[in-house]
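**Q**
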Amino acid sequence: VRGLEHAVELPEVPYPDVLPPLGDHLAGYEDRLQMFVDALKPIDMRYANDPAWIMKDTGERLNHNRVWMKADGDLPDDPLIHLATMGYSSDTTVLDSIITTHGLSWGHDRIMAATVNHSMWFHRPFRFDEWALYATESPVAAGSRGLATGRYFSLTGELLATVVQEGLIRHFPRKPRT
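At position 35 of the sequence shown (counting the first as 1) the number is 39 in the numbering used here, and the numbers step up by one without a gap.
#1: So, is glutamate 141 buried or exposed, given that buried needs 16 or more other C-beta atoms within 10 angstroms?
#2: Hey, how far is the Cα of aspartate 133 from the Cα of aspartate 78?
#3: Does the Cβ of lysine 60 have 16 or more other Cβ atoms within 10 Å, making it buried, or fewer, making it exposed?
#4: Look up tyrosine 19 in the DSSP assignment and say whether it is helix, strand or coil.
#5: Find the nearest neighbour of asparagine 53 within the set Ala118, Trp125, Tyr138 and Pro80, judged by alpha-carbon distance.
#6: Asparagine 67 bridges to which residues according to DSSP?
#7: Which residues in the same chain as threonine 105 place their Cβ atom closer than 8 Å to its Cβ, once the five residues preceding and following it in sequence are excluded?
#8: What are the boundary residues of the beta strand (DSSP E) that includes leucine 52?
#9: For proline 46, which residues from the same chain have a beta carbon less than 6 Å from its beta carbon, with the 5 sequence-adjacent residues on both sides left out?
#10: Suppose the cutoff is 6 Å on Cβ atoms and the five residues either side in sequence are ignored; what does the same chain contact list for methionine 49 look like?
#11: For arginine 74, which three-state DSSP category applies?
#12: State the DSSP-derived secondary structure class of glycine 107, mapped to helix, strand or coil.
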């Protein structure tokens, strides 16, 4: 007896070896994004689209985000370490697709965000010291809550894990100076 197998396809994005490291995107923004920088130290990230803070400056709006991620260094062979490291990384950019839909960004806009619910399903074994594409999108935001979904794909296109997160998100626009 065999179980059924299928999965959504890997989105078409450049591979991580041709994308700049996160530090290149942070140049000039470090003072506004220091907490973000500190949280990401154990994760090597390569954005396939512009990060939220650059989208804010260019006026671009996307309801999705595509980021290649892996541990910054080799991990031991313990599968639980790989699961935990991916789990940690899953909370770093998942809400971006909610705020960029509205032309907002961390570090530019006054945004309060808190996780209401975060669930993750692991579909097959993987190593998180190898690149995985984290493809996120936001299907809805209403009542000060936003929903984001994410999928991790291997370089070969296998769907590794699925994430769903609901966040409390509030924007406090700055009052115009008179």
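A virtual CB, placed ideally from N, CA and C, is assigned to each residue, including glycine.
**A** Taking the structure as given:
#1: Glutamate 141 counts as buried, since at least 16 other C-beta atoms from the protein chains shown sit within 10 angstroms of its C-beta.
#2: Their Cα atoms are separated by approximately 6 Å.
#3: The residue is buried, with at least 16 neighbouring Cβ atoms inside 10 Å.
#4: Residue state, collapsed to three classes: coil.
#5: Looking at Ala118, Trp125, Tyr138 and Pro80, the one whose alpha-carbon comes closest to that of asparagine 53 is Tyr138.
#6: Answer is none; asparagine 67 lacks a bridge partner.
#7: Closer than 8 Å at the Cβ level, and outside the excluded window around threonine 105, lie Arg65, Leu66, Asn67, Ser142 and Ala145.
#8: Per the sequence presented here, residue 52 reads as alanine, with leucine not at that position. Taken as a continuous stretch (DSSP letters only), alanine 52 belongs to no beta strand (DSSP E), as it is neither H nor E.
#9: Excluding residues up to 5 positions away in sequence, Asp76 lie with their Cβ nearer than 6 Å to the Cβ of proline 46 in the same chain.
#10: Excluding residues within five positions, the ones whose Cβ falls inside 6 Å are Leu26, Val71 and Met73.
#11: Checking the sequence shown, residue 74 turns out to be lysine, not arginine. The answer is strand: DSSP assigns lysine 74 an E or B state.
#12: The three-state secondary structure of glycine 107, taken from DSSP, is coil.
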